[in-house]
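See below for the structure under consideration.
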Amino acid sequence: MRSHCFLAPLLTACALASMPVPAALAQGAGAEASRPSLQLELNAMEPSKAGCRLTFVVTNSLGKSLDKAAFEMALFNDAGVVDRLTVLDFKDLPSGKTKVTRFDLPGVDCGKIGRVLVNSATACSGAGVDAKACIRDLKTTSRAKVSFGS
Numbered sequence: 519m520r521s522h523c524f525l526a527p528l529l530t531a532c533a534l535a536s537m538p539v540p541a542a543l544a545q546g547a548g549a550e551a552s553r554p555s556l557q558l559e560l561n562a563m564e565p566s567k568a569g570c571r572l573t574f575v576v577t578n579s580l581g582k583s584l585d586k587a588a589f590e591m592a593l594f595n596d597a598g599v600v601d602r603l604t605v606l607d608f609k610d611l612p613s614g615k616t617k618v619t620r621f622d623l624p625g626v627d628c629g630k631i632g633r634v635l636v637n638s639a640t641a642c643s644g645a646g647v648d649a650k651a652c653i654r655d656l657k658t659t660s661r662a663k664v665s666f667g668s
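Note that our numbering has the sequence shown beginning at 519, numbered continuously upward.
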């Protein structure tokens, strides 16, 4: 009898693991994946004649076109200190489209940038667009060798 006592918890765990996931939980996972978003990727940072060129890939998955989207970016040096604030204007971003945009930052040494922070959305407008959507629904990623985010 004693040798079977350890089997009860094991059998209970197996039974629970084999039960189907409740529909509400499964729908929650899918809802997160389909939430409206504005994906902003820092794709590259490279020296240019003017200073430093930042290349972004932006995808508007908000479900509505943006007539204007602009972000204030904070550039941190390699010591973690804010070096400058600058506004980057992404202009119009049609719904469902991906766009590549480059910005040349005069007098900036790419090698001394340690982090790029999306500080705020200075413009976020379009028919039926909530002005807070550009920050609230912003998803950032980076392929560059610096930290990028909000």
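Every residue gets a Cβ at the ideal spot worked out from N, C-alpha and C, and that includes glycine.
Since this is a predicted model, take the numbers as computed values, not measurements.
CA-to-CA, the gap between Asp627 and Ala562 works out to about 14 Å.
For Ala651, the secondary structure class from DSSP, reduced to helix, strand or coil, is helix. The C-beta distance from Asn595 to Lys630 rounds to 5 Å, short enough to fall under 8 Å. With a threshold of 16 other beta carbon atoms within 10 Å, Glu559 meets it and is buried. The residues Arg633, in chain order, have a CB closer than 6 Å to that of Ser665 in the same chain once the five nearest residues on each side in sequence are set aside. If you look at Asp596, you'll find it isn't in any beta strand (DSSP E); DSSP assigns it neither H nor E.
Using a Cβ distance threshold of 8 Å, Leu656 and Leu556 count as a contacting pair. For Ala662, there is no enclosing beta strand (DSSP E), as DSSP marks it with neither H nor E. Where Ser552 is concerned, there is no enclosing beta strand (DSSP E), because DSSP gives it neither an H nor an E.
In the DSSP assignment, Asp627 falls outside any beta strand (DSSP E), carrying neither H nor E.
In the three-state reduction of the DSSP assignment, Leu580 falls in the coil class, being assigned neither a helical nor a strand state.
Residues Glu559, Leu560, Asn561 and Ala562 of the same chain have their beta carbon placed closer than 8 Å to that of Arg661, with the five preceding and five following residues left out of the count.
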